[in-house]
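Chains as they are written, first to last, in our numbering: chain A, 1 to 416; chain B, 417 to 832.
Ideal Cβ placement from N, Cα and C applies to all residues, glycine included.
There are 2 protein chains.
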Amino acid sequence: MSKIVAKYLIETAYSLEKAAEMMAGEQSSGTFIKVAGESDELRARFLAKIIEIDDLGEIDKPTLAGSKPQKSATNPIYRRGIVTLSWPLENVGVNLPNIISTVAGNLFELSPFSGLKLLNLELPQEFSAKYPGPQFGISGTQMLTSVNDRPVIGTIIKPSVGLSPEATAERVKVLIEAGLDFIKDDELMGDPPHSPFKKRVELVMRVINDFAERTGKKPMYAFNVSGDMDDMLHQHDIVWDKGGTCIMVSLNSVGVSGVVKLRAHSQLPIHGHRNGWGAMTRCEVLGMDYQPYQVIWRTAGIDHMHVNGLRNKFCEPDESVLSSIKSLLKPMFGGYQAMPVISSGQWAGQAVDTYKAIQTTNVMYLCGGGIVGHPNGIEAGVKSVLQAWQAALTNKSLEEMASNHLELKTALDFYG
Amino acid sequence: MSKIVAKYLIETAYSLEKAAEMMAGEQSSGTFIKVAGESDELRARFLAKIIEIDDLGEIDKPTLAGSKPQKSATNPIYRRGIVTLSWPLENVGVNLPNIISTVAGNLFELSPFSGLKLLNLELPQEFSAKYPGPQFGISGTQMLTSVNDRPVIGTIIKPSVGLSPEATAERVKVLIEAGLDFIKDDELMGDPPHSPFKKRVELVMRVINDFAERTGKKPMYAFNVSGDMDDMLHQHDIVWDKGGTCIMVSLNSVGVSGVVKLRAHSQLPIHGHRNGWGAMTRCEVLGMDYQPYQVIWRTAGIDHMHVNGLRNKFCEPDESVLSSIKSLLKPMFGGYQAMPVISSGQWAGQAVDTYKAIQTTNVMYLCGGGIVGHPNGIEAGVKSVLQAWQAALTNKSLEEMASNHLELKTALDFYG
């Protein structure tokens, strides 16, 4: 019998066993109190099972407000633990939104818990029959960008909003002439009055198509189609029609059902932006970790997934970034490759450490100021990043490589 | 010029002014450092504006990990404040997903913040031209259920999963004969192998249609259509075809684009389930409050919105529940009525206090064990709740009303 398996960090004044029973009951055959019509046979077949409980020990006080200890507890002791539950697939069926309601639904609000975070999710193989997953993934993206022995080097159009389609296209011309493989809209830029989507695609793709004709290499531009369902499909068609090779979607803002539909329609790789993710994960004992998040979106068919980067400008520690990349690179359903998108505060400086930790170049490496702010110009910025990855691949230090590569040397002096 | 206005609770070691500037810059014309191509004119037109800053004072230590104080700060002092920002509508255009990316996107991860929560959101009138909002709302729901001078009294099918379509229909028969106006699928029940959606609708609606023919009153059943886009539209059509009067959707699991599309297609009220909401709101300084959440979903067109209830079985305090109900009942775009769905741990006991606080019966009042667990049966359970609301409406105490109403008296003795 196929199973859905989910692992949680919990914090509670109940015993971990009792707390796990309450989670399992609430999220399967019903509340933890037996109800009419709920026979022993029904419970045996549909009740979620407790697979494992690990005690992480006592803590001083509850982290989140609102939890209620047992009525009998006069001096409640709070503890943390790891609980793994499994559900028979037949409880839910092959339905991604309802899987989310099952493993990440009401249980965050249950009163025994002063903390509950989803750490890990495993879906059974049956999902691969309904959800075909990433259509292009790593190898398709490498083919489309003509890059395969190093990361896809990219950047983001800045300022995020305010540029006209004409100004955006001019900017793109400068960026691709400088050697960038990949450019994306900012997630704040969709189809606003001052930069109509269709016009932006036309003008940007004219520049890119001209470049591709001249050089044989077609840089990838991820146009942000996030919006209402029919608008997204229509905007995809505009990109496809103009010879574009990527669309971008803000995953949390659009939602799973919209993204699955877009994937079914799409003939292009889908670049998944995770803005809003911070709200889902920054609390130590609430929300979810990246592993289940990427399982959901890989199943939905996203080709590129943002993961932050080492020494980023956000709050995420390096350890968490590396764990995200590793979870994303782990095969699912015998494949379902999605390309990690390393970004935020990146420049040549993190290349060697990143490669040491992940041992692959199957990533996008996006730099904003870390390329366009290079003292000798954008082309030098791109070169400095390529040289840094060359150092990583040939097992040299950045300093060693910089000794006979001016652009990298300048970058180390300037950003380091 | 039309504006989007959002209010936040923030926590930071920066000055509140500096922190607010960084939020405004990051979420509009770009990062807070000026970039090439960003003229003063462009910044003046597109930069988000700081409307108001209120200092809430210093706190002992940062609540969330990962934030970074200014480099110059040797002994950083953290403080909380309320910051209100506004964006010109032309930054985004009328696009609900991209509004979410703008007001609730990357800013949760910005390193100056050890806490950031969206408290309030106001959208300009232009949204009402593209998003028609709730199609049935309060008055439409009252008309369809033949209820108007009291709350719509409802319950949830339990056990949540495991019942066959036949067993579900039998259960519905018992519940509507007992006088319930409204019944809903549990959010865990969609279209699983053991209860195929179509079969469940056929058998349940046969029972409901028979009852309606006999009595002239048609109880409303909210069938959970949550799933992939085309499946949801198809399942809506099944419900409509069989004479059903409501569909339910798990808002967070399906997402905004899917729900907007479903609303455009729907000929039925949409019951919005908020499972997963706890993860978005339980941390004191992260995520969002209910006010912006309901603004998003009312704009998307949801007719019924869950709000928890007084003395609920979850973690939410009464004050927060009442604030949610009030935010939902506040007109938006000159209407956009959505019916608050009061549920969780409800029985006759909360009716008088609820009415005192909200001064309206324009709500659904859902009871699980609080009706079906009544010692004298489900019909007595329904009566006890109706009697309790009658007490509320005639300005009597529950005890006073119970003195000559046996079902209410029994409920007070049993649950009280």
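Discussion item. Less than 8 Å between the C-beta atoms of Glu-316(A) and Ala-178(A), yes or no?
Written reply: For this step, residue 316(A) is matched to residue 316 along the first sequence. For this step, residue 178(A) is matched to residue 178 along the first sequence. Cβ distance not < 8 Å, so Glu-316(A) and Ala-178(A) don't count as in contact.
Worksheet item: Can you list the residues of chain B that Gly-286(A) reaches, using a CB-CB cut of under 7 Å?
Response: One-based indexing of the first sequence puts residue 286(A) at position 286. According to the sequence shown, residue 286(A) is Leu rather than Gly. Residues of chain B passing the Cβ test: Ala-695, Arg-698, Cys-699.
Worksheet item: So which residues of chain C does Thr-518(B) contact, with C-beta pairs closer than 7 Å?
Response: Of the protein chains in the structure, A and B, none is chain C.
Fill in: Cβ separation of Leu-328(A) and Gln-294(A), assumed to be a contact under 8 Å, to the nearest whole Å
The count along the first sequence starts at 1 and reaches residue 328(A) at position 328. The count along the first sequence starts at 1 and reaches residue 294(A) at position 294. Yes, they are in contact, since the Cβ atoms of Leu-328(A) and Gln-294(A) sit about 5 Å apart, within 8 Å.
Worksheet item: Sorted by chain position, which residues of the same chain lie with C-beta nearer than 7 Å to Lys-658(B)'s C-beta, five sequence neighbours on each side aside?
Response: If you number the second sequence from 1, residue 658(B) lands on position 242. Non-local beta-carbon contacts of Lys-658(B) in its own chain, meaning distances under 7 Å to residues more than five positions away in sequence, involve Val-617, Glu-618, Met-621 in chain order.
Worksheet item: Taking only beta-carbon atoms, is Val-670(B) less than 8 Å away from chain A?
Response: Taking the second sequence and counting its residues from 1, the one referred to as residue 670(B) is at position 254. Closer than 8 Å to some Cβ of chain A, the Cβ of Val-670(B) qualifies, so yes.
Discussion item. If contacts are defined as beta-carbon pairs under 8 Å, then Ser-673(B) and Gly-258(A) qualify, I think. What distance do you get, rounded to the angstrom?
Written reply: The sequence position of residue 673(B) within the second sequence is 257, counting from 1. The sequence position of residue 258(A) within the first sequence is 258, counting from 1. Ser-673(B) to Gly-258(A), Cβ: 3 Å. Contact.
Worksheet item: In terms of DSSP beta bridges, what is Trp-87(A) paired with?
Response: Residue numbering aside, residue 87(A) sits at position 87 when the first sequence is read from its first letter. According to DSSP, Trp-87(A) bridges with Ile-4(A).
Practice prompt. Determine the DSSP secondary structure at Pro-292(A), reduced to helix, strand or coil.
Written response: Numbered from its first residue, the first sequence carries residue 292(A) at position 292. The answer is helix: DSSP assigns Pro-292(A) an H, G or I state.
Fill in: Span of the beta strand (DSSP E), counted from its first residue to its last, around Asn-120(A)
For the purposes of this step, residue 120(A) is identified with residue 120 of the first sequence, where counting begins at 1. Looking at the DSSP string, the run of the beta strand (DSSP E) that includes Asn-120(A) is 113-122.
Worksheet entry | chain A contact residues for His-610(B), given Cβ-Cβ distances below 7 Å | Against the second sequence, residue 610(B) aligns to sequence position 194. What His-610(B) touches in chain A: Glu-90.
Worksheet item: DSSP on Leu-406(A), reduced to helix/strand/coil?
Response: The residue given as residue 406(A) occupies position 406 in the first sequence. Three-state result, Leu-406(A): helix.
Worksheet item: Taking just the CA atoms, how far does Met-288(A) sit from Gln-390(A)?
Response: For the purposes of this step, residue 390(A) is taken as the residue at position 390 of the first sequence. For the purposes of this step, residue 288(A) is taken as the residue at position 288 of the first sequence. Approximately 36 Å, taken between the alpha carbons.
Worksheet item: How big is the Cα-Cα spacing for Asp-303(A) and Thr-571(B)?
Response: Position 303 of the first sequence, counting from 1, holds the residue named residue 303(A). Position 155 of the second sequence, counting from 1, holds the residue named residue 571(B). Here the alpha carbon of Asp-303(A) sits roughly 42 Å from the alpha carbon of Thr-571(B).
Worksheet item: Distance, Cα to Cα, Gly-140(A) vs Ser-669(B)?
Response: The sequence position of residue 140(A) within the first sequence is 140, counting from 1. The sequence position of residue 669(B) within the second sequence is 253, counting from 1. So the two alpha carbons sit approximately 29 Å from each other.
Worksheet item: Expressed to the nearest angstrom, what Euclidean distance is found between the alpha-carbon atoms of Met-636(B) and Arg-43(A)?
Response: Reading the second sequence from its first residue, position 220 is the one you call residue 636(B). Reading the first sequence from its first residue, position 43 is the one you call residue 43(A). Cα-Cα distance, rounded: 28 Å.
Fill in: Interface flag, Met-22(A) vs chain B, CB-CB below 8 Å
Sequence index remark: in the first sequence, residue 22(A) carries index 22 (1-based). For Met-22(A), the answer is no, since every Cβ of chain B falls outside 8 Å of its Cβ.
Discussion item. Can you give me the C-alpha to C-alpha distance between Glu-433(B) and Glu-468(B), rounded to a whole angstrom?
Written reply: As a first step, residue 433(B) must be located in the second sequence, where it is residue number 17. As a first step, residue 468(B) must be located in the second sequence, where it is residue number 52. A straight-line Cα-Cα distance of about 10 Å links Glu-433(B) and Glu-468(B).
Worksheet item: Name the DSSP bridge partner or partners of Gly-473(B)?
Response: Counting from 1 along the second sequence, the entry for residue 473(B) is found at position 57. Gly-473(B) is bridged to Arg-496(B).
Worksheet item: For Leu-188(A), which residues of its own chain have a beta-carbon under 7 Å away from its beta-carbon, when the five flanking residues on both sides are left out?
Response: Your numbering for residue 188(A) matches position 188 in the first sequence. So the list reads Ser-160, Val-161, once near-sequence residues are dropped.
Item to complete: Could you work out which residues of chain B lie near Pro-317(A), taking near to mean beta carbons separated by less than 7 Å?
Response: Taking the first sequence and counting its residues from 1, one reaches residue 317(A) at position 317. Neighbours of Pro-317(A) on chain B, chain order: Gly-482.
Fill in: Residues that Val-161(A) contacts on chain B, provided the C-beta gap is smaller than 7 Å
Taking the first sequence and counting its residues from 1, one reaches residue 161(A) at position 161. Here the neighbours are Ser-444, Ser-445, Phe-462, Asn-507.
Worksheet entry | Euclidean distance between Cα positions of Thr-826(B) and Pro-708(B) | Position 410 of the second sequence, counted from the first residue, corresponds to residue 826(B). Position 292 of the second sequence, counted from the first residue, corresponds to residue 708(B). Each residue's Cα considered, the two are about 40 Å apart.
Practice prompt. Give the C-beta separation of Leu-463(B) and Ala-436(B) to the nearest angstrom, bearing in mind that I take them to be a contact with Cβ-Cβ under 8 Å.
Written response: Position 47 of the second sequence, counting from 1, holds the residue named residue 463(B). Position 20 of the second sequence, counting from 1, holds the residue named residue 436(B). Rounded, the Cβ-Cβ distance is 12 Å, inconsistent with contact.
Worksheet entry | Any C-beta of chain A under 8 Å from that of Met-645(B) | Mapped onto the second sequence, residue 645(B) falls at position 229. Contact with chain A is found for Met-645(B), since one of that chain's Cβ atoms lies less than 8 Å from the residue's Cβ.
Worksheet entry | Met-232(A), DSSP secondary structure in three states | For the purposes of this step, residue 232(A) is taken as residue 232 along the first sequence, with counting starting at 1. Assignment of Met-232(A) by DSSP, reduced to helix, strand and coil, places it in the helix class.
Item to complete: Answer yes or no: do Lys-729(B) and Gly-761(B) have a C-beta to C-beta separation smaller than 8 Å?
Response: For the purposes of this step, residue 729(B) is identified with residue 313 of the second sequence, where counting begins at 1. For the purposes of this step, residue 761(B) is identified with residue 345 of the second sequence, where counting begins at 1. Yes, they are a contact pair.
Worksheet item: Over what stretch of residues does the beta strand (DSSP E) that includes Val-665(B) continue unbroken?
Response: Along the second sequence, read from residue 1 onward, the residue named residue 665(B) stands at position 249. Segment 663-666, the beta strand (DSSP E) holding Val-665(B).
Practice prompt. Classify Leu-42(A) as helix, strand or coil using the three-state DSSP reduction.
Written response: For this step, residue 42(A) is matched to residue 42 along the first sequence. Note: Leu-42(A) maps to helix in three-state DSSP.
Discussion item. Tell me the rounded alpha-carbon separation between Lys-589(B) and Thr-661(B).
Written reply: In the second sequence, residue 589(B) corresponds to position 173, counting from 1. In the second sequence, residue 661(B) corresponds to position 245, counting from 1. For Lys-589(B) and Thr-661(B), the gap between their C-alpha atoms comes out near 16 Å.
Worksheet item: Are any of the Cβ atoms in chain B nearer than 8 Å to that of Asn-430(A)?
Response: Not covered by the structure: residue 430(A). The range shown for chain A is 1 to 416.
Worksheet entry | Beta-carbon proximity check, Ile-247(A) vs His-271(A), cutoff 8 Å | By one-based count along the first sequence, residue 247(A) stands at place 247. By one-based count along the first sequence, residue 271(A) stands at place 271. Cβ atoms of Ile-247(A) and His-271(A): closer than 8 Å.
Worksheet item: Could you give the residue range of the alpha helix (DSSP H) that holds Thr-361(A)?
Response: Against the first sequence, residue 361(A) aligns to sequence position 361. From DSSP, Thr-361(A) is part of no alpha helix (DSSP H); its letter is neither H nor E.
Worksheet item: Would a check of beta-carbon distances place Phe-314(A) closer than 8 Å to chain B?
Response: On the first sequence, residue 314(A) is found 314 positions in, with the first residue counted as 1. Yes, Phe-314(A) counts as interfacial toward chain B.
Discussion item. If I measure Cβ to Cβ from Asn-362(A) and keep anything under 6 Å in the same chain, skipping five residues before and after, which residues do I get?
Written reply: In the first sequence, the residue the question calls residue 362(A) occupies position 362. If we look at Asn-362(A) and ignore the five residues flanking it on each side, its Cβ neighbours are Ile-138.
Worksheet item: Cβ of Val-676(B) less than 8 Å from any chain A Cβ?
Response: Taking the second sequence and counting its residues from 1, one reaches residue 676(B) at position 260. Closer than 8 Å to some Cβ of chain A, the Cβ of Val-676(B) qualifies, so yes.
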